[in-house]
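Worksheet: the structure to be examined is printed underneath.
In full-length UniProt numbering, the protein residues as written are 1 to 284.
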């Protein structure tokens, strides 16, 4: 089974959990449907992990990016953004001091020229998830030494974010789903994320956008860059990778949970996408 929510134990804690200089830890919890935050920015680097639900990350020029459960986004200092969140949202956010991040980057520049912590949206792999879980535990218990522990965890988190970024660049992986979406395509993407475990047909997804299958397929591919079927498959595979990283659930159970016709179907699709079988991926 999936590990329990890393934020559920923080239910009775305030939204701002810890602040020391530019280092801050906080959470966002369920709010009114489709609640939208105003445009704002942060002094340091901002990481926000979606523990439950999903959100749209909005940037200037109407750029919209969907951040789903198990994913995180990273923003640079002073990067303007806004959010539209669903009513069941749970997130954990960490503000990383700009100077601290730049010092870590300087250390890594001796290994790879021109290393930066770039804005991104990505699936939280085991190493990053474990650090976020440790950060949540520290602010939950508030015991002696918490400040030192959080500073150390913040540095480790920065290193793991840079490693994940470099791995993504090396593998050519695109974890970000970003486009100028029309209302029709946005509705269809929301529909896919709500029902991706079911056997969805093109007709059903097109109907959610109030378009004919022909016009919907053309518009979806134009705005998203891939077909609805490919988007659905990628979403299922991303969720499979999340389950494999964060739980000991059998591959067969994951396959049926995510709507694959069989464990063999999941294994073959996973191998084509990630270059590893689910079992190999779990053992990394």
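The C-beta atom is built at its ideal place from N, Cα and C for all residues, glycine as well. Please read these numbers as outputs of a predicted model, since none were measured by experiment.
Is the Cβ-Cβ distance between residue i and residue j less than 9 angstroms?
i	j	result
residue 86	residue 53	yes
residue 104	residue 18	no
residue 47	residue 123	no
residue 42	residue 75	yes
residue 10	residue 136	yes
residue 154	residue 97	yes
residue 216	residue 249	no
residue 273	residue 234	yes
residue 204	residue 70	no
residue 100	residue 158	yes
residue 254	residue 278	yes
residue 108	residue 162	yes
Closest to residue i by C-alpha separation, out of the options, would be which residue?
i	options	result
residue 190	165, 65, 92, 283	65
residue 284	141, 202, 126, 195	126
residue 132	198, 200, 49, 277	49
residue 55	9, 22, 84	84
residue 200	20, 261, 246	261
residue 94	39, 257, 164, 21	21
residue 130	6, 269, 278	6
residue 40	8, 226, 79	79
residue 164	144, 225, 72	72
residue 23	236, 150, 268, 269	150
residue 141	282, 13, 276	13
Going by beta carbon distance, what residues of the same chain come within less than 7 angstroms of residue i, once the five residues before and after it are set aside?
i	result
residue 212	206
residue 208	187, 188, 191
residue 37	82, 83
residue 77	42, 43, 44, 45, 98
residue 257	197
residue 68	50, 54, 193
residue 231	192, 224
residue 263	251, 252, 255
residue 88	30, 52, 53
So, for residue i: in the same chain, excluding its five sequence neighbours on each side, which residues have a beta-carbon less than 6 angstroms away from its beta-carbon?
i	result
residue 128	160
residue 102	none
residue 59	81
residue 266	255, 260
residue 156	131
Checking the sheet assignment: what are the DSSP bridge partners for residue i?
i	result
residue 26	16, 93
residue 121	73
residue 40	81
Residues in its own chain within less than 8 angstroms of residue i by CB, not counting five upstream and five downstream?
i	result
residue 147	20
residue 90	5, 7, 8, 27, 28, 29, 30, 50, 51, 52, 53
Contained beta strand (DSSP E) runs [length at least 3] in the segment 43-101, N- to C-terminal order: 45-52, 55-59, 63-67, 71-75, 82-85, 90-96
Whole alpha helix (DSSP H) elements within the segment 206-274, 4-residue minimum: 213-224, 228-246, 251-257, 263-274
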